[in-house]
Amino acid sequence: MDGPLFFPTRAHLLLCTGPRCSRRGSTRVFEEAWRTLEARGIAYYKRGGGVRLTESGCLGCCSYGPTLAAYYGDETGALTQAWYVGVDAPSLVRIAEALNEGRTPPDDKRFGPR
Numbered sequence: 100m101d102g103p104l105f106f107p108t109r110a111h112l113l114l115c116t117g118p119r120c121s122r123r124g125s126t127r128v129f130e131e132a133w134r135t136l137e138a139r140g141i142a143y144y145k146r147g148g149g150v151r152l153t154e155s156g157c158l159g160c161c162s163y164g165p166t167l168a169a170y171y172g173d174e175t176g177a178l179t180q181a182w183y184v185g186v187d188a189p190s191l192v193r194i195a196e197a198l199n200e201g202r203t204p205p206d207d208k209r210f211g212p213r
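Each residue of the sequence shown is one higher than the one before, starting from 100 at the first, in the numbering used here.
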């Protein structure tokens, strides 16, 4: 059976574009970060790229947004996560670059368990 193309990914980043995060600029952050990920070949469908960036609904941290949830495989291959608040496009791109290169994502703007 034929199906859609599958692009393997190293990480999946979900950026909240719900009402409160949108008022804090998350839509602009998404657009700017996406253009940069494409230009640098980090986007999952580019050769050498392995990061998927998706707009999401509310992630539950409305007062601190824009909020980003990052899901990726750690050094053992286990699925792990990192959560960020107050994300801007440059910080999102730094997170994506680290994950695309197989490095631990940066801690600035990160919250929750590590």
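For every residue, glycine included, the Cβ atom is placed at its ideal position computed from N, Cα and C.
| Asked | Found |
| --- | --- |
| Do Leu114 and Pro189 come within 8 Å of each other at the CB atom, strictly closer than that value? | no |
| Is it buried or exposed, Thr108, if we count other Cβ atoms within 10 angstroms and call 16 or more buried? | buried |
| Roughly how many whole angstroms lie between the Cα atoms of Ile194 and Pro205? | 6 Å |
| Since Arg193 sits in a beta bridge, which residues does DSSP pair it with? | Arg193 is not bridged to any residue. |
| Please classify Ala177: does DSSP put it in a helix, a strand, or coil? | coil |
| Under 8 Å Cβ to Cβ from Gly185, same chain only, skipping five residues before and after it: list those, please. | Tyr163, Gly164, Pro165 and Lys208 |
| What first and last residue would you give for the alpha helix (DSSP H) that runs through Leu158? | No alpha helix (DSSP H) contains Leu158, which DSSP labels as neither H nor E. |
| Determine whether the beta carbon atoms of Ala169 and Leu112 lie at a separation below 8 Å. | yes |
| How many angstroms separate the CA atom of Thr179 from the CA atom of Tyr171? | 6 Å |
| Could you check what DSSP says for Tyr143 in three-state terms: helix, strand or coil? | coil |
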